[in-house]
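Reading through the structure tokens given below for one structure.
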Amino acid sequence: MSHGFETLAIHAGQDPEARTGAVIPPIYQTSTYAQDAVGAPRLGYEYSRSGNPTRDALQECLAALEGGPVGLAFASGLAAEDTLLRAVCQPGDHVIIPDDAYGGTYRLFARVAQRWGLEFTPAKVSDPAAIRAAVQPGRTKIVWVETPTNPLLGIADIAALAGVAHDSGALLVVDNTFASPYLQQPIAFGADVVVHSTTKYIGGHSDVVGGALVVADAALGEELRYHQNAMGAINGPFDAWLTLRGIKTLGVRMDRHCDNAERLAAYLDGHAKVSQVIYPGLPSHPGHEVAAKQMRRFGGMISFRASGGEDHAVEICNRTKLFVLAESLGGVESLIEHPGRMTHASAAGSPLEVPGDLVRLSVGIETVDDLLADLEQALG
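The numbering of the sequence shown is this note's numbering, which starts it at 2 and goes up by one.
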């Protein structure tokens with residue numbers, strides 16, 4: 002029997018606990034487990050790096066929400082990314098990444114993986130021809146995309162890029178953090194691996210850091226599970242429990258994020274102090290039609306360019322009262338940041354450098370009129 006998204010978010014991997022009937026999965030705050038005999042761990046549990054019931058509940062839920070056979074939880078989104086790269090690639094291989102990628106992802110490729118011998122090429126993920134042109138036959142192992150991208154909210158046609166990747170023998174990896182599995186399920190469009198920073202919309206309350214991988218192929222999932230244990234970048238049971246708690250309200254939260262973002266994008270789009278609004282829900286966005294095809298709605302992230310240049314953008318960030326000046330995104334509270342000096346500072350001077358006049362909003366679930374008023378006074 003199939004269930005709807007909200008039902009899976011509340012119940013997948015989260016049956017009442019067998020011994021006491023506890024409705025919420027317990028926090029198994031333990032490092033090790035008593036074994037019934039030498040070589041006979043009870044229910045397969047022997048050490049919490051290798052397996053923990055609270056983490057297993059989260060992993061089962063994540064897999065159900067993304068429609069894959071295997072889900073794996075990590076200490077952070079970057080820990081998930083690093084584990085994936087080391088499991089799938091080896092020195093001398095090549096990866097295509099977005100020319101508008103999260104700064105931490107770029108740093109991982111440019112400052113860590115490249116020293117290990119993994120080469121990469123930035124390319125525009127909204128242009129399948131550009132991705133195809135960047136493929137190095139026999140060497141490209143991964144086509145890595147974000148959709149929407151961070152922070153310029155570019156849209157990748159997942160199905161088209163799956164074709165490009167698979168034609169070259171590569172995997173399509175989709176960072177689905179900005180959309181969340183409620184708004185978009187990349188595996189249904191041909192992606193091989195979905196990446197999340199569960200810190201963001203999945204956790205949803207700015208109180209826990211985590212990451213996840215969900216895969217389309219069970220054999221690859223088991224290979225990644227081996228590396229998850231061997232590399233050890235797992236999340237603790239309390240972090241897994243907090244993330245599960247956040248997941249339960251993901252659907253209703255995302256609808257409110259989208260409601261608010263649509264109102265704010267429309268307001269900013271006509272504002273004299275804003276030279277450009279970047280939001281996939283606006284018909285003027287070049288990726289609007291593709292986003293409408295593969296997303297349920299258009300998300301809670303908005304970027305805009307200040308008409309007064311970089312100094313004006315910084316002033317706007319400093320003036321808000323309800324929008325908290327902070328990195329990260331996806332929590333119930335609204336956040337504002339200057340990507341060029343904050344989340345994407347590591348990309349300065351690279352092909353991924355972002356415009357200095359760019360402001361990024363993570364639109365929360367507050368009363369939307371209060372958010373509008375805050376932006377009005379901040380824009381000056």
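Quick reminder that beta carbons are idealized off the backbone N, C-alpha and C, glycines included.
- Using a Cβ distance threshold of 8 Å, Ile303 and Ala266 count as a contacting pair.
- The DSSP-derived three-state label of Arg342 is coil.
- Fully contained in the segment 164-209 are the following beta strand (DSSP E) runs of length 3 or more, in chain order: 172-176 and 194-197.
- Per DSSP, Thr106 is one residue of the alpha helix (DSSP H) stretching across Gly104 to Arg108.
- In the three-state reduction of the DSSP assignment, Leu119 falls in the coil class.
- Residue pairing by DSSP places Ala74 opposite Ala213 in a beta bridge.
- Pairing Ser329 with Leu336 gives a Cβ-Cβ distance under 8 Å.
- Val146 counts as buried, since no fewer than 16 other beta carbons sit within 10 angstroms of its beta carbon.
- With fewer than 16 other CB atoms across the displayed protein chains lying within 10 angstroms of its CB, Ile25 is exposed.
- DSSP, read as helix, strand or coil, puts Ser347 in helix.
- Per the coordinates, the alpha-carbon of Tyr268 lies some 26 Å from the alpha-carbon of Leu251.
- In the three-state reduction of the DSSP assignment, Met296 falls in the coil class.
- Shown here, Thr250 sits in coil according to DSSP, grouped into three states, outside any helix or strand.
- The continuous beta strand (DSSP E) containing Thr141 extends over residues Thr141 to Glu147.
- In the DSSP assignment, Val360 is bridged to Phe305.
- Residue range Pro129 to Ala135 is occupied by the alpha helix (DSSP H) that includes Ala135.
- Between Thr244 and Thr199, the gap from beta carbon to beta carbon is short of 8 Å.
- The DSSP-derived three-state label of Thr33 is strand.
- With a 10 Å radius around the Cβ and a threshold of 16 neighbouring Cβ atoms, Val360 comes out buried.
- With contacts defined as CB atoms closer than 8 Å, Ala76 and Gly222 fail to qualify as a contacting pair.
- Counting along the chain, Val96 sits inside the beta strand (DSSP E) bounded by residues His95 to Pro99.
- Under a 10 Å Cβ-count criterion, Val175 is classified as buried, with 16 or more other Cβ atoms of the shown protein chains found around its own Cβ.
- Between Ser51 and Asn236, the CB-CB gap reaches or exceeds 8 Å.
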